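Below is one structure, written out as structure tokens, with a few remarks after it.
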């Protein structure tokens with residue numbers, strides 16, 4: 128038998144058991160969908176977060192209260208203080224800028240509008256410079272605001288949008304946990320960082336935050352090195368400066384490169400795990416095809432006997448069943464891939480900030 132004839136006979140065989148064929152194809156569709164979507168999602172998240180980390184620049188490093196991978200409890204009881212940031216900046220041999228940060232959540236209100244769980248950050252005046260973050264309206268916190276412990280604030284884009292919309296917020300009072308803060312500036316849109324929305328934030332002077340939240344514990348210190356070539360020596364020097372006041376378990380210095388390495392390790396493991404789980408779904412679909420074809424052979428022994436009686440060879444019959452299995456796999460795979468692209472389009476349509484696209488690697492793996 129010629130190939131076109133074999134394919135036509137195989138299609139007729141599949142049509143004779145439409146429900147069984149559709150259910151088998153559905154199993155393949157689910158398997159392909161699982162592989163393509165899960166792996167694509169993992170790779171896309173990895174790419175976007177890595178892009179966020181790189182966007183901070185190669186000349187930035189962080190000082191944490193402890194190693195983020197090993198001692199989470201230390202973040203609750205940080206021993207980092209504003210004086211440590213001053214020491215780093217003043218005693219460094221390199222041209223650097225260090226910014227202290229206290230992050231807390233609070234309820235913010237304007238008039239009858241309110242936002243719960245908004246991040247309120249106590250900051251130094253140099254934050255826009257350290258983070259390359261522009262003030263689009265008004266001004267940022269100044270040294271005089273710190274000295275006088277002024278109740279002033281700078282709001283980010285989502286806070287501005289939700290509470291003020293078309294109203295100019297400059298000079299108006301924002302209520303933070305029941306207390307009035309005068310708005311002096313609005314930050315430019317910054318987007319996500321490690322899935323944290325930086326635009327959902329309010330900045331107040333660091334000294335004001337210390338009194339307002341009754342704490343001097345810093346969440347972390349950001350250090351910007353003017354010359355990226357000095358990042359390594361500057362980190363080593365920072366460790367020596369802090370070691371004079373803190374034990375080695377009370378701080379951890381980490382560069383952008385180290386953050387990326389840790390992140391890639393985590394996401395590679397996650398991608399492998401998701402791929403393995405999705406592959407199981409596809410294998411189950413393949414086992415379904417195998418079982419159905421075994422049942423089909425058993426049920427069609429009479430048909431096989433008649434075909435052999437009229438001259439069909441064993442190879443022709445084998446090719447027919449293989450063609451049926453191939454058609455089921457092909458149809459299931461194509462439909463699964465088409466649905467995957469449709470799902471990706473819908474995700475991007477409803478969530479424009481998450482630019483989700485299908486990975487060609489995931490498609491090839493599914494095929």
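Numbering (the working numbering), first residue to last: 128 to 494. The C-beta atom is built at its ideal place from N, Cα and C for all residues, glycine as well. Keep in mind it's a predicted model, so treat the numbers as computed, not measured.
Quiz item: In chain order, what residues of the same chain lie with their CB nearer than 7 angstroms to the CB of residue 333, ignoring the 5 residues before and after it?
Solution: 209, 227, 229, 249, 250, 251 and 273
Quiz prompt | Straight-line Cα distance separating residue 324 from residue 167 | solution = 23 angstroms
Quiz prompt | Unbroken beta strand (DSSP E) run spanning residue 191, endpoints | solution = 187–191
Quiz item: Do residue 458 and residue 152 have their C-beta atoms closer together than 7 angstroms?
Solution: yes
Exercise. Report the residue from 207, 188, 150 and 449 whose alpha carbon sits nearest the alpha carbon of residue 369.
Key: 207
Quiz item: Where do the ends of the alpha helix (DSSP H) carrying residue 271 lie?
Solution: 270–274
Quiz item: What are the complete beta strand (DSSP E) segments, minimum 3 residues, inside the segment 353–433?
Solution: 379–382
Quiz prompt | Opposing strand residues paired with residue 349 [DSSP bridges] | solution = 189 and 226
Quiz item: Are the CB atoms of residue 219 and residue 345 nearer to each other than 7 angstroms?
Solution: no
Practice problem: Name the two residues that bound the continuous beta strand (DSSP E) containing residue 241. | Solution: 240–250
Quiz item: Can you tell me whether DSSP reads residue 277 as helix, strand or coil?
Solution: coil
Self-check item: Beta-carbon spacing of residue 162, residue 452 below 7 angstroms
Solution: no
Practice problem: With a threshold of 16 other CB atoms inside 10 Å of the CB of residue 447, please say whether the residue is buried or exposed. | Solution: buried
Exercise. In angstroms with no decimal places, state the Cα-to-Cα distance between residue 281 and residue 300.
Key: 11 angstroms
Practice problem: State the beta-bridge partners of residue 237 as determined by DSSP. | Solution: 240
Quiz item: Looking at residue 295 and residue 496, is the spacing between their C-beta atoms short of 7 angstroms?
Solution: Because the chain is modelled from 128 through 494, residue 496 falls outside the range shown and cannot be assessed.
Quiz item: What residues in its chain sit with their C-beta under 8 angstroms from that of residue 488, if we drop five residues either side in the sequence?
Solution: 166 and 170
Self-check item: Three-state secondary structure assigned by DSSP to residue 201
Solution: Unreliable placement is indicated for residue 201, whose pLDDT of 48 sits below 50; no coordinate value is reported for it.
Quiz item: Going along the chain, which residues of its own chain have a beta-carbon closer than 8 angstroms to the beta-carbon of residue 215, five neighbours each way excluded?
Solution: 190, 223, 225, 348, 350, 365, 368 and 369
Quiz item: Using the C-alpha atoms, what's the distance from residue 192 back to residue 201?
Solution: Below a pLDDT of 50, predicted positions are generally treated as unreliable, and residue 201, at 48, falls in that range; the measurement from the model is reported next regardless. Taking the straight line from one Cα to the other gives about 6 angstroms.
Exercise. Count the other CB atoms, across all protein chains shown, that sit within 10 Å of the CB of residue 392; report buried if there are 16 or more and exposed otherwise.
Key: exposed
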